[in-house]
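Colleague: Let me begin by handing over the structure; questions about it come next.
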Amino acid sequence: MNASSHLLAARDCAGLFRLGRDVEGALRMVELLDGLLALFEQAPEPLRAQSAQVLGALLAAQQGQDWIALADYLEYELVHLIDQAASA
Numbered sequence: 022m023n024a025s026s027h028l029l030a031a032r033d034c035a036g037l038f039r040l041g042r043d044v045e046g047a048l049r050m051v052e053l054l055d056g057l058l059a060l061f062e063q064a065p066e067p068l069r070a071q072s073a074q075v076l077g078a079l080l081a082a083q084q085g086q087d088w089i090a091l092a093d094y095l096e097y098e099l100v101h102l103i104d105q106a107a108s109a
């Protein structure tokens with residue numbers, strides 16, 4: 022999966038959470054994050070640290086069932102990280 026596919030998947034996943042389709046969104050998020058691990062592992066250290074913070078925020082929002090915050094992190098924070106990792 023390339024960066025543009027990850028970007029599209031992150032936005033699609035965010036849309037599912039915004040529509041209240043949290044089970045489907047959670048399944049897609051697992052697939053997305055699984056694919057992103059390889060991308061972030063190859064990124065420079067500061068970007069890896071930043072990705073760990075965002076992934077932690079994603080997990081916290083999911084555990085708190087805050088679907089709107091989770092969608093925001095996916096659509097804005099994670100998309101920004103994917104862009105940075107792709108250009109690194």
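Under the numbering used here, think of the first position of the sequence shown as 22, with each following residue one higher. We put the beta carbon where it would ideally sit given N, CA and C, even for glycine.
Mind listing, in chain order, the continuous beta strand (DSSP E) runs of no fewer than 3 residues lying wholly within the stretch 41-92?
Modeller: Counting whole runs of 3 or more residues, the stretch 41-92 contains no beta strand (DSSP E) stretch at all.
Colleague: Between which two residues does the alpha helix (DSSP H) holding Leu28 run?
Modeller: From DSSP, the alpha helix (DSSP H) with Leu28 extends over 24-39.
Colleague: Can you have a look at His101 and say buried or exposed, based on whether 16 or more other CB atoms are within 10 angstroms of its CB?
Modeller: Flag for His101 reads exposed.
Colleague: Less than 8 Å between the CB atoms is what I'm expecting for Ala47 and Leu99, so what's the real figure, rounded?
Modeller: Contact flag wrong, Cβ pair sits at about 15 Å.
Colleague: Are there 16 or more other CB atoms within 10 angstroms of the CB of Leu29, so buried, or fewer, so exposed?
Modeller: The residue is exposed, with fewer than 16 neighbouring Cβ atoms inside 10 Å.
Colleague: Beta carbon of Ala35, beta carbon of Leu95: below 8 Å?
Modeller: Going by C-beta atoms, Ala35 is nearer than 8 Å to Leu95.
Colleague: Under a three-way DSSP split, which group does Ala107 fall into?
Modeller: Three-state DSSP puts Ala107 in a helix.
Colleague: Less than 6 Å between C-beta atoms, sequence neighbours within five positions excluded: which residues of the same chain meet that for Met50?
Modeller: Hits under 6 Å: Cys34.
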